[in-house]
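If you want my numbering, it's the position in the sequence shown, counting the first as 1, plus 87. For each residue, glycine too, the CB sits at the ideal point set by N, CA and C. Because the structure is a prediction, the values reported are computed rather than measured. What follows is a set of notes on a single structure, which appears directly below.
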Amino acid sequence: MPTEDSFVRDCFGGEMIALLDVGGEGRYATAMNLNPSAEKTLGLDKGQPIPNRIDGRAEDIPLPDSSVKTIIVERTPLRNESIQELARVATDDATLVFRHPVDEHSDPHARVKEQINGEVDIDQLELDGQLVQQLTIRHVKQAAPPKRYSHR
Ligand SMILES: C[S@@+](CC[C@H](N)C(=O)[O-])C[C@H]1O[C@@H](n2cnc3c(N)ncnc32)[C@H](O)[C@@H]1O
Numbered sequence: 088m089p090t091e092d093s094f095v096r097d098c099f100g101g102e103m104i105a106l107l108d109v110g111g112e113g114r115y116a117t118a119m120n121l122n123p124s125a126e127k128t129l130g131l132d133k134g135q136p137i138p139n140r141i142d143g144r145a146e147d148i149p150l151p152d153s154s155v156k157t158i159i160v161e162r163t164p165l166r167n168e169s170i171q172e173l174a175r176v177a178t179d180d181a182t183l184v185f186r187h188p189v190d191e192h193s194d195p196h197a198r199v200k201e202q203i204n205g206e207v208d209i210d211q212l213e214l215d216g217q218l219v220q221q222l223t224i225r226h227v228k229q230a231a232p233p234k235r236y237s238h239r
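Take a look at the structure:
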């Protein structure tokens, strides 16, 4: 049974993960992409393999506590379990960025703001021609009860 430290060393050369794109398909060259799908689902590259992929879901991230410095979640389902998992794998002082379509009837990031503490900044931008709300939380404080990593 690997320890948390040996798991990180074996998978990532002993480095913490600098950038994790949850539901990512390869938009960011330096990111690790956490995705249950092995293939891209959007755009002209649909069906092509997702690079730098970690096979997994946001609700059950196969990484140790406090192992990721920056997390981005773009247009990917956000369940309460996922929000708790993001808080668990974020390092102290991490930055989290969420981008989800603007909805005039409800705040797409309301539950994130309730569950993760830090310095909040809200903006709007276009992503592939779609208007999205960008929520940035800097200097994340541990908001979720830490869960021990177990090898799956
Ligand atoms: C609409 S696409 C967005 C892709 C990319 N993030 C972007 O904005 O261009 C949603 C992506 O989320 C992935 N996905 C779906 N459920 C997920 C989950 N529970 N955890 C992580 N990724 C998930 C899908 O496989 C798909 O790649």
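query, result
"Can you tell me where the alpha helix (DSSP H) with GLU161 in it begins and where it stops?", "Unbroken run through GLU161 is the beta strand (DSSP E), 155-161; no alpha helix (DSSP H)."
"Within this structure, are the beta carbons of GLN122 and ILE104 separated by less than 8 Å?", "Correcting the residue identity first, residue 122 is Asn in this sequence and not Gln. No, the pair does not count as a contact, with Cβ atoms beyond the cut-off."
"Who are ASN120's beta bridge partners in DSSP?", "ASP108 and ARG140"
"Can you list, in chain order, the residues of its chain whose CB lies under 6 Å from that of ARG114, leaving out five sequence neighbours each side?", "none"
"Report yes or no: do the region 133-147 and the region 183-197 share at least 3 C-beta pairs separated by less than 8 Å?", "no"
"Return yes when the Cβ of THR178 is within less than 8 Å of the Cβ of GLY110, no when it is not.", "no"
"Can you find a heavy atom of ligand 1 that lies under 7 Å from the Cβ of ASN122?", "yes"
"With a threshold of 7 Å, establish whether the CB of LEU222 neighbours any heavy atom of ligand 1.", "no"
"Rounding to the nearest angstrom, what Cα-Cα distance links HIS161 and LEU173 in this structure?", "A small fix is needed here, since residue 161 is Glu in this sequence, not His. Taking the straight line joining both Cα atoms gives about 13 Å."
"In whole angstroms, what is the alpha-carbon distance linking ASP152 and GLN171?", "11 Å"
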